[in-house]
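First the structure, in the form of structure tokens, and then the observations on it.
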Amino acid sequence: MDLSAQLPALIVIAPLLAAPLCVLVGNPRLAWGVALLTSVFCFAAALGLLQMLQHVDVLSYSMGGWAPPLGIELRIDALGALLLLLLGGSSVVVTLFALRSVEHEVALERQALFYTALMLVLAGLIGITVTGDIFNIFVFLEISSLSTYALISLGRDRRALFASFRYLVMGTIGATFILIGIGFMYVMTGTLNLQDLAERLPAVADTRAIRAAFAFLTIGLGLKAAMFPLHIWLPNAYAYSPSVVSAFLASTATKVAIYVLVRVLLSLYGAHFSLGELPFDKLLLVLGSVGIVAGSLVAIFQSNVKRMLAYSSIAQVGYILLAIGLASQPGFTAALLHLFNHAIIKGSLFLALGVVSFRFTGAKLADMAGLGKTMPWTMAAFVVGGLSLIGVPATAGFISKWYLVIALIDASLWPLAILVLFGSLLAVVYIGRVIEVAYYRQPARDLPRKQIPITMVGSLWLLTLGNVYFGLNTEFSLGLVSLAVSSLMGVGV
Amino acid sequence: MADFFGQFNYWVVVLLMMAGLYIVIASANLVKKLIGLSVFQASVFILYITFGKVSGGAPPILSPELEVYSNPLPHVLILTAIVVGVATTAVGLALIVRIHEAYGSTDEDEIDQMDDADDYPARK
Amino acid sequence: MSIQAHYLLMLLIPLLTAAGVVSLRRYPNLREAITLLGGGLLFSVVASLAATFDPAQPVTMTLLQPMQGISLALRLEPLGLLFALVASFLWPVTSLYAIGYMRAHHEKNQTRFYTAFAVSIFATMLITLSANLLTLFLAYEMLTLFTLPLVTHAGTKQARRAGWVYLGILMGTSIGFLLLAIVWTWALAGTLEFTPGGILNHETDGALLGALLVLYVFGTGKAALMPFHRWLPAAMVAPTPVSALLHAVAVVKAGVFTILKVVVYVFGVDLVGTLDSAYWLSLLAGFTIISASVVAMSLDNLKARLAYSTISQLSYIILAAMLGVSSGIIAGSLHIAMHAFAKITLFFCAGAILVAAHKTRVSELNGIGRSMPLTMTAFLIAALSVVGLPPFGGSWSKWWLLQATLDAHNSLLLLVLLVSSLLNLFYLVSIPLRAFFAAPADEAYNQGVREAPLPSLIAIIITMTGCLLLFLLVEPLWNLASGIV
């Protein structure tokens, strides 16, 4: 049996099987071990799939041997491989971090269940990425979402419960909208396979049903991606969940939703229809811009640092959506590049806060007084992540900003280029606030010297160094993104 | 008129969908919100099943005498969606139980008030 | 030793000095010795590079290639060499001064101070060696960030507020205008490399190029062109050695250096001469010169007065660059060197007065010249250099600046320069005259005031002598500057 041929299926099945295994082993440390092994396997599988993509454009795998378009097909191309690497990598780093962080933040009897839910989220997200069947996307989306609701509710603060509930209600509405959209598309074309749909949609594109389907799909996905104004669930969900969950979600959840959105827009409907005939591109430009400004402005006034980063994430999603709205090759390149870079940046920032949470209970700005002295390495990592959000050269964030501004100038949208740079300046303010408190104020109380575990600092610095690496060497990230964009733009209605 | 009765199912779908959304948005009680969510999801189930019905079609069980069958695929999809709906409701109810333990209330406004008091203790 | 090795040493020496300072933090004397050693080594490397420098054969060293067609690279050209010589010479001198000042003033966090100083010099050296706009932008931003701890050194509320003004204006202009200009340049020219004669197509619409120039000049907040000048007086809250080296030499000179480099190597001097916006910018620079001088006259705080004098002097260079003639570029480049020595002397004296006599206001300085004769003599010499009188270095740059305005047929700006020199007399030279010839309020006023601490005094003498020597030995500098265009 050739293992590599089965990789597309194995990468989904592994975490799916690992989840009940975590429950069965019961012991938190063992559950952590299972989770870590699975994450490493997924990352390795992602690398393997990328390797296999050197020779072919697309990897296609028929589930159970049933041939598409009737059977469920797993389909991985360059964009999918990029996402898979991101998911696998985030999972490994976050699981490493989780060893001590979860012990500290989650009740003992629930720790094994934590890893179960984490594996289910991973399975769901990976499933969304590899599948070539649109209903499958819905199923995996719900798998990951439900597990996410459970994960968020494990936070220490009781507000995590309500945050999770609110996310549940909004997320379910969003997912149901997606379901409606899928239904309409199925009625008009008779197929659920993405490839097949793409071929059949042009014939029926002009019908009310398809346009309605498009609307439902994009709204549902926009809600999952935290597009303004459907972002309300995000700040509290990120702020009150365990640190590991915030970091993992910030790196993956919204990114995968945006991935599906890009698939629907480009692979399914084609850029000409979705961004040309329908005014969705202008809508994205507007909503993206508003998201950037609103997210950054609100972030400035937060006293809870995790909430501040959550609003910053909304702004960053705004950047990505703005870039997609440009409907051009530079635009899509910038969008996908920022998708990748931001995952690393936000992951590192939330992990830094996770280390801070290890010594304190809250993440209030006032708590961070004097951390520049007492936790120099953690704050240094935070500063690097912050500089990346601002877009200082030699960081990944600068590369994203560069490509975004170039794409905007290319489209002659000067006011929006200035808006993007203004967003960077707003980032200076909210990052500067944290740095001021951390470096220029005396530590509030005398804390016992707590040794920060090497797994936490190590995984934090892994992401931070990755941030700098991708700011100085874009051969890999840009290469993969360019490949993805060129294959995506080949399809058109 | 014939159109109206011919599209009766879809009218029901629209009614249920709007009713469900309204209940979710307008209710302060968390359990009621969840019920509204279920109603909303139920409307989608009816939508799909209605799609599957083929005019003059028999239930999709193979038989040598029949030629036209209703489409079984939407039924399969909906079974999956129903399961998802059940799981969602279960998670939601579990959360409500925990919320009730933590806050002593299942009313959204009261919970918001208690959270505000947490955030801004001086305002109490 | 190869030129590339020189480049690397220029960057590594300040970084290693910083590491040395941090590791030797428990041994103040050794720590200070490392700083001086690093400074001395850096200057010798730059001097050695100057000796072997051949402008006709530039040597490029690519460090990294983040994006296609855009690299982080080093290449020395005459303007960069001039700036590097000035900065690397004045770093050890300022360190010497700082040793006297910081100890006499019992400043806290001295290790952080010397470390931040060293990494700021690293950023400055990277600016001088930049081969393209990306490297320059990276080093420019690094300089802002590395000097922030120095500006906010005191840690007081006022210092923190000054830090926000500093950061806000400098990062605001650099991200909002300069980055936009750089990206736009990339979109227009397809390259970011500094090339003699410029990289922009002369056929492009003049209005667009004019707008681009405006973005560059306003984007260079470090050049303190109005209305983005407020950070300079705000930064005076920093200890005097910081004001001296960074805000008389490194930071502000990095600003005008950037403008000169953009004019010469991105646009091309001739192209700038044809742009309308360059004319308007030169008028704005002229306005800045006069209004900053007028403000300076009204200020009683000595360091604030010197800050506005700096704003005024920087606009001399901006004005010269906007004239669009090669003599303007040469004049501006020379003024970088002349003004650096003169201004640093002035700041050194201000700091000496603060430490020795605890006086910060001009009105308090009556008769202090009798107690601090050496300091006030240096002040007088430096002030005369700023005014532009022989036999001091500033006279040469003033002469060529006037010459450049004639070359550009701009008599208005000629007038501005002359008026400004007159105003300089009023607000700068009046200070040492007051110190020597005015009578103090009462006999006991200046009792107990002695000269500055010895290391600081030596530093003052060195820079004062520099002002004199630059007058006599201007030729090598002039040759270097002419090599730019």
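Protein chains in written order, with our numbering: chain V, 1 to 493; chain L, 494 to 617; chain U, 618 to 1102.
Glycine residues also receive a C-beta, built at the ideal position from the N, C-alpha and C atoms.
Just to check my reading of the structure: residue i and residue j have Cβ atoms closer than 8 Å, yes? What is that Cβ distance to the nearest angstrom?
i: Met368/V; j: Val437/V; result: 5 Å
i: Leu680/U; j: Ala690/U; result: 6 Å
i: Tyr714/U; j: Phe965/U; result: 6 Å
i: Val547/L; j: Val537/L; result: The pair is not a contact, with the Cβ atoms about 20 Å apart (cut-off 8 Å).
i: Asn473/V; j: Pro683/U; result: 6 Å
i: Ser791/U; j: Gly838/U; result: 6 Å
i: Ala954/U; j: Leu699/U; result: 6 Å
Taking only the alpha-carbon atoms, compute the straight-line gap between residue i and residue j and give it to the nearest angstrom.
i: Ser4/V; j: Ile72/V; result: 19 Å
i: Ala771/U; j: Leu784/U; result: 16 Å
i: Ala1098/U; j: Ser1014/U; result: 11 Å
i: Phe97/V; j: Arg159/V; result: 23 Å
i: Ile452/V; j: Ala250/V; result: 23 Å
i: Ile998/U; j: Phe754/U; result: 36 Å
i: Ser1028/U; j: Ala855/U; result: 39 Å
i: Leu1045/U; j: Thr732/U; result: 33 Å
i: Val94/V; j: Lys364/V; result: 22 Å
i: Val139/V; j: Val569/L; result: 12 Å
i: Asp77/V; j: Leu625/U; result: 43 Å
i: Gln534/L; j: Gly545/L; result: 17 Å
i: Leu991/U; j: Gly789/U; result: 42 Å
i: Val579/L; j: Thr172/V; result: 12 Å
i: Pro202/V; j: Phe273/V; result: 9 Å
i: Ala209/V; j: Leu99/V; result: 49 Å
i: Gln316/V; j: Val506/L; result: 37 Å
i: Ala484/V; j: Ala417/V; result: 24 Å
i: Ala212/V; j: Gly181/V; result: 7 Å
i: Leu588/L; j: Val576/L; result: 18 Å
i: Pro68/V; j: Leu194/V; result: 10 Å
i: Thr905/U; j: Trp233/V; result: 51 Å
i: Arg263/V; j: Arg75/V; result: 12 Å
i: Ile13/V; j: Met742/U; result: 55 Å
i: Ala551/L; j: Phe498/L; result: 21 Å
i: Asp410/V; j: Ala804/U; result: 8 Å
i: Tyr269/V; j: Val305/V; result: 40 Å
i: Thr994/U; j: Pro1049/U; result: 7 Å
i: Ala19/V; j: Leu179/V; result: 26 Å
Go through its chain and collect everything with a Cβ distance to residue i's Cβ below 6 Å, but skip five positions before and after it.
i: Lys617/L; result: Caution is warranted here: a pLDDT of 38 is assigned to Lys617/L, below 50, making its placement in the model unreliable, and no coordinate value can be reported.
i: Ser164/V; result: Tyr149, Ile152, Ser153
i: Leu1089/U; result: none
i: Ile738/U; result: Pro631, Trp708
Could you name the residues of the same chain whose beta carbon sits closer than 7 Å to that of residue i, not counting the 5 residues immediately before and after it, in chain order?
i: Ser348/V; result: Ala381, Gly385, Leu460, Leu463, Thr464, Asn467
Below 8 Å CB to CB, which residues in the same chain sit around residue i once its five sequence neighbours on both sides are set aside?
i: Leu951/U; result: Trp1013, Ser1014, Trp1017, Val1091, Leu1094, Trp1095, Ala1098
i: Val1066/U; result: Ala973, Ala974, Ile985, Ser988, Met989
Between the segment 28 to 37 of chain V and the segment 47 to 65 of chain V, are three or more C-beta pairs nearer than 8 Å?
-> no
Which ranges would you report for the alpha helix (DSSP H) in the segment 919 to 970 of chain U if only whole runs of at least 4 residues count?
-> 919 to 939
Indicate whether the contact test is met: 3 or more Cβ pairs, each with one atom in the segment 906 to 920 of chain U and one in the segment 798 to 805 of chain U, closer than 8 Å.
-> no
Starting from the N-terminal side, write out each stretch of the beta strand (DSSP E) that is 3 residues or longer and does not extend beyond the segment 64 to 126 of chain V.
-> 73 to 76
Should the segment 177 to 191 of chain V be regarded as contacting the segment 131 to 151 of chain V, the criterion being three or more beta carbon pairs within less than 8 Å?
-> yes
Could you name each continuous alpha helix (DSSP H) segment of 4 residues or more that falls completely within the segment 622 to 698 of chain U, going from the start of the chain to the end?
-> 645 to 669
Can you list, in chain order, the stretches of the alpha helix (DSSP H) that have 4 or more residues and sit fully within the segment 333 to 377 of chain V?
-> 371 to 374
Decide yes or no for the touch test of the segment 774 to 789 of chain U against the segment 846 to 866 of chain U: beta carbon pairs closer than 8 Å, at least 3 of them.
-> yes
Between the segment 620 to 634 of chain U and the segment 545 to 560 of chain L, do three or more beta carbon pairs fall short of 8 Å?
-> no
How do the segment 345 to 359 of chain V and the segment 239 to 250 of chain V stand: do at least 3 beta-carbon pairs fall below 8 Å, yes or no?
-> yes
Could you tell me whether the segment 335 to 346 of chain V touches the segment 78 to 90 of chain V, using the rule of 3 or more Cβ pairs below 8 Å?
-> yes
Spell out a yes or no on whether the segment 501 to 518 of chain L and the segment 483 to 490 of chain V are touching, meaning 3 or more CB-CB pairs, one atom from each, closer than 8 Å.
-> no
Counting Cβ pairs closer than 8 Å, one from the segment 714 to 723 of chain U and one from the segment 747 to 765 of chain U, do we hit at least three?
-> no
Using 8 Å as the Cβ pair cut-off and three pairs as the minimum, do the segment 857 to 874 of chain U and the segment 954 to 971 of chain U touch?
-> yes
Which residue spans inside the segment 218 to 284 of chain V form an unbroken alpha helix (DSSP H) run of at least 4?
-> 233 to 240, 243 to 262
Secondary structure, alpha helix (DSSP H): runs of 4+ residues fully inside the segment 809 to 879 of chain U | 823 to 836, 848 to 851, 857 to 862, 868 to 878
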